[in-house]
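Contents: one structure, followed by commentary.
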Amino acid sequence: MRTKKRYYRLLLLLLLLTGYAVTGQAQENLSINSIFGKYGKQKGATMVVLSGEALNNYRLDLYRSITVKYDRVILEDIQQCLEMDKKQARQIKEVINNGIITSGYYQLPEEKNRMNRYILFKIGSDGTATLIYMEGGADSEELINQLFIRRK
Amino acid sequence: MNNNMLTDIHRLIEKYFEGQTSSGEEKMLRDYFAQPGLPDDLKEYAPLFRFLDNESKAIAVLNGIRLDDEAAVRWRQSLRKYGTIAAVAASLFIALILLTPETSSTSQKGNYVWVDGQRITDPRTVREYAELSFDKVQPENDIIADQLRAFSE
Chain A
155 MRTKKRYYRL
165 LLLLLLLTGY
175 AVTGQAQENL
185 SINSIFGKYG
195 KQKGATMVVL
205 SGEALNNYRL
215 DLYRSITVKY
225 DRVILEDIQQ
235 CLEMDKKQAR
245 QIKEVINNGI
255 ITSGYYQLPE
265 EKNRMNRYIL
275 FKIGSDGTAT
285 LIYMEGGADS
295 EELINQLFIR
305 RK
Chain B
-18 MNNNMLTDIH
-8 RLIEKYFEGQ
2 TSSGEEKMLR
12 DYFAQPGLPD
22 DLKEYAPLFR
32 FLDNESKAIA
42 VLNGIRLDDE
52 AAVRWRQSLR
62 KYGTIAAVAA
72 SLFIALILLT
82 PETSSTSQKG
92 NYVWVDGQRI
102 TDPRTVREYA
112 ELSFDKVQPE
122 NDIIADQLRA
132 FSE
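In structure tokens, the structure reads:
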């Protein structure tokens, strides 16, 4: 009887651990990832994905961008995702007009085994909105900052 | 029934009462007394060996039941044990997969661009679109400089 109880307790513990793992994993994902999945292959959208050797010069491991024509629904979606993800940011540079993020640079903290992560966003004067997500090693920060401040 | 066989039976009976019969010989006696048409001088022993025959059969049945029960209990215990082990292993496997950190928060790798729903993999084209997208997020002016300038005006 005691052995049976011990088995059931062990099973319950393992189930709880598995549940915690699922929750923890989901929280690590950024909200903006859903933007690429939802709108990246739509008509009127341009989505770029670069990884590996193509990014060696920039000391990046991953580059994803999406440019969409102005659409209220999509923009609201992006805004909500940025509001969620920027809570994790350790560095923020953004411009907000009438409650709307019109441009933003967010650097998310480095975690164990994870690189620096960057989110860039801007609503352009040409009626488009561009969202960029990048991952890079520790030496990517300086280069990205230089590129972002001004590139001519 | 021939005389030799009767002699053998008598000898076995004597041996039985002396406690020297083997189990095979006792079975011979039980089988002999189970049949009809026994000689008159041996009929008095029939109830004894028939009882013993019944008892040995009852014991064999009981032993069979006990073995079945033990086998069933062992089977249930094994099932419980291996079922628990399988459940633990499955949980650990699931936890291992879920806890293994990905090198990227996205599963999409490679180099390509989707333009109006069309996928392009030409490296030069992909790079051009990447540079174009990065240019689009460049600020027109330095944000902090702009703010400070507002105070000086």
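Chains as they are written, first to last, in this note's numbering: chain A, 155 to 306; chain B, -18 to 134. Heads up, the beta-carbon is just placed ideally off N, CA and C, and yes, glycines get one too.
In whole angstroms, give me the CA-to-CA distance for residue i and residue j.
i: E36 (chain B); j: T(-12) (chain B); result: 26 Å
i: I277 (chain A); j: E112 (chain B); result: 17 Å
i: Y287 (chain A); j: G253 (chain A); result: 22 Å
i: S86 (chain B); j: R105 (chain B); result: No answer about S86 (chain B) holds up, because its pLDDT of 43 lies below 50 and its placement is not dependable.
i: A76 (chain B); j: A68 (chain B); result: 12 Å
i: G5 (chain B); j: K24 (chain B); result: 21 Å
i: G0 (chain B); j: A52 (chain B); result: 35 Å
i: L73 (chain B); j: L274 (chain A); result: 38 Å
i: T284 (chain A); j: E109 (chain B); result: 15 Å
i: T2 (chain B); j: Y162 (chain A); result: 56 Å
i: E248 (chain A); j: I255 (chain A); result: 7 Å
i: P20 (chain B); j: N44 (chain B); result: 34 Å
i: N(-15) (chain B); j: R57 (chain B); result: 55 Å
i: L301 (chain A); j: Y212 (chain A); result: 10 Å
i: R55 (chain B); j: I(-10) (chain B); result: 45 Å
i: Q99 (chain B); j: G198 (chain A); result: 11 Å
i: E289 (chain A); j: E264 (chain A); result: 10 Å
i: S114 (chain B); j: S188 (chain A); result: 19 Å
i: D239 (chain A); j: K62 (chain B); result: 46 Å
i: E(-5) (chain B); j: M9 (chain B); result: 14 Å
i: T65 (chain B); j: A71 (chain B); result: 10 Å
i: S59 (chain B); j: P28 (chain B); result: 46 Å
i: L48 (chain B); j: G18 (chain B); result: 37 Å
i: L129 (chain B); j: N299 (chain A); result: 20 Å
i: A39 (chain B); j: I46 (chain B); result: 11 Å
i: E207 (chain A); j: R160 (chain A); result: 52 Å
i: R31 (chain B); j: E7 (chain B); result: 11 Å
i: D135 (chain B); j: Q16 (chain B); result: Since the first residue shown for chain B is -18 and the last is 134, residue 135 (chain B) is missing from the structure and cannot be characterised.
i: D225 (chain A); j: L209 (chain A); result: 31 Å
i: D103 (chain B); j: D116 (chain B); result: 20 Å
i: N183 (chain A); j: V107 (chain B); result: 25 Å
Going along chain B, which residues have a C-beta under 8 Å from residue i?
i: R256 (chain A); result: In the sequence as presented, Arg is not what sits at residue 256 (chain A); that position holds Thr. Residues of chain B passing the Cβ test: none, with the nearest at roughly 10 Å.
i: Q217 (chain A); result: Before going on, a small fix: residue 217 (chain A) reads as Tyr here, not Gln. Near Y217 (chain A) (Cβ distances below 8 Å), the residues of chain B are A111.
i: I286 (chain A); result: S114, F115, V118
Show which residues of chain A have a CB atom less than 9 Å away from the CB atom of residue i.
i: A52 (chain B); result: Near A52 (chain B) there are no residues of chain A at all, since even the closest Cβ is about 21 Å away, more than 9 Å.
i: W56 (chain B); result: Ordered by position in chain A, no residue passes the 9 Å Cβ test against W56 (chain B), which lies about 17 Å from the chain.
i: V42 (chain B); result: Chain A residues near V42 (chain B): none, gap ~32 Å exceeds 9 Å.
Compute the distance between the beta-carbons of residue i and residue j, then report whether it is under 8 Å.
i: L96 (chain B); j: T200 (chain A); result: The amino acid occupying residue 96 (chain B) in the given sequence is Val; Leu does not appear at that position. Against a cut-off of 8 Å, the Cβ pair of T200 (chain A) and V96 (chain B) comes out as a contact.
i: L262 (chain A); j: A243 (chain A); result: yes
i: S185 (chain A); j: P120 (chain B); result: no
i: K90 (chain B); j: S279 (chain A); result: no
i: Y93 (chain B); j: V227 (chain A); result: no
i: K223 (chain A); j: G291 (chain A); result: no
i: Y260 (chain A); j: I250 (chain A); result: no
i: F14 (chain B); j: Y26 (chain B); result: yes
i: L(-7) (chain B); j: R11 (chain B); result: no
Residue i versus chain B: which residues are under 7 Å apart at the beta carbon?
i: Q196 (chain A); result: G98
i: S188 (chain A); result: In chain order: nothing, as chain B lies at least about 11 Å away.
Would you list the residues sitting across from residue i in a DSSP beta bridge?
i: K247 (chain A); result: A:Y259
i: S205 (chain A); result: A:L216
i: K276 (chain A); result: A:S257, A:T284
i: T(-12) (chain B); result: Answer is none; T(-12) (chain B) lacks a bridge partner.
i: R100 (chain B); result: B:W95
i: T65 (chain B); result: T65 (chain B) pairs with nothing; no bridge assigned.
i: K223 (chain A); result: A:T282
i: N270 (chain A); result: A:G290
i: L76 (chain B); result: Note that residue 76 (chain B) corresponds to Ala in the displayed sequence, not to Leu. According to DSSP, A76 (chain B) bridges with nothing at all.
i: A199 (chain A); result: A:V222
For a contact defined as C-beta to C-beta under 8 Å, what are the partners of residue i on chain A?
i: N92 (chain B); result: V203, L204, S205, G206, A208
Anything in chain B within Cβ reach of residue i, meaning under 9 Å, just list it in chain order.
i: I228 (chain A); result: Simply none; closest approach about 15 Å.
i: I232 (chain A); result: What I232 (chain A) touches in chain B: nothing, since even the nearest Cβ is about 13 Å away.
i: K276 (chain A); result: K117, V118, Q119, P120
Residues of chain A with CB under 7 Å from residue i, in chain order?
i: Y110 (chain B); result: T200, V202
Can you tell me whether residue i sits near the ligand NAP, meaning its C-beta is under 7 Å from at least one heavy atom of the ligand?
i: V42 (chain B); result: The ligand NAP is absent from the structure shown, which contains no ligand whatsoever.
Practice task
Assess, as a yes-or-no matter, whether the stretch 233 to 241 of chain A is touched by the stretch 289 to 304 of chain A under the definition of 3 or more beta carbon pairs within less than 8 Å.
Solution key: no
Exercise for the section: Count the CB pairs spanning the stretch 187 to 197 of chain A and the stretch 216 to 223 of chain A that are closer than 8 Å, and state whether there are at least three. Expected result: yes
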